[in-house]
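Q:
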Amino acid sequence: MRQAIAAALALVWAAPALAQSDEDIRRILIQDSLARFQGYCPCPYSYDRGQQCADKSVYSQPSGRTPYLYCYPQDVPYWEIVEYRRRVGIR
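Each residue of the sequence shown is one higher than the last, beginning at 138 in this note's numbering.
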């Protein structure tokens with residue numbers, strides 16, 4: 138178990154170094170957004186109790202959508218990519 142945790146942490150720490158392209162950074166920001174989401178069914182492709190969320194997802198609800206919930210690459214604004222690069226020291 139400890140080895141799995143250590144391996145996961147190593148990947149997390151290595152992720153910024155591997156994130157060279159905008160697409161890579163968008164994927165990281167989407168994963169981070171989903172990890173911070175508290176609740177069920179953040180995105181249409183998420184699953185809850187064995188069923189795909191689809192229209193029941195928070196993302197699909199106009200009143201429930203949060204500004205930092207990213208489900209798709211096009212959701213991530215370019216300024217977030219620039220800020221991520223600045224934070225982790227990637228040019």
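From the three backbone atoms N, C-alpha and C, an ideal C-beta is built for every residue, glycine too.
Taking the alpha-carbon of Asp159 as reference, which of Arg228, Cys190, Ile218 and Ile227 has the nearest alpha-carbon?
A: Looking at the Cα atoms, Ile218 is the closest of the given residues.
Q: Which residue marks the beginning of the alpha helix (DSSP H) containing Arg173, and which one marks its end?
A: Taken as a continuous stretch (DSSP letters only), the alpha helix (DSSP H) holding Arg173 covers Asp159 to Arg173.
Q: For the alpha helix (DSSP H) that contains Ile218, what are its first and last residues?
A: Note, Ile218: alpha helix (DSSP H), Tyr215 to Val225.
Q: Can you grab the Cα-Cα spacing for the pair Gln175 / Pro181, in whole Å?
A: C-alpha separation (whole angstroms): 15 angstroms.
Q: Mark Tyr184 as exposed unless 16 or more other C-beta atoms lie within 10 angstroms of its C-beta, in which case mark it buried.
A: Answer is exposed; the Cβ neighbour count stays below 16.
Q: What's the C-alpha gap between Tyr221 and Gln189?
A: Roughly 30 angstroms separates the two Cα atoms.
Q: Would the beta-carbon of Ile162 fall within 8 angstroms of that of Tyr207?
A: No, the pair does not count as a contact, with Cβ atoms beyond the cut-off.
Q: Which word fits Tyr196, buried or exposed, when buried means at least 16 other C-beta atoms lie within 10 angstroms of its C-beta?
A: The residue in question, Tyr196, is buried, as its Cβ has 16 or more Cβ neighbours within 10 Å.
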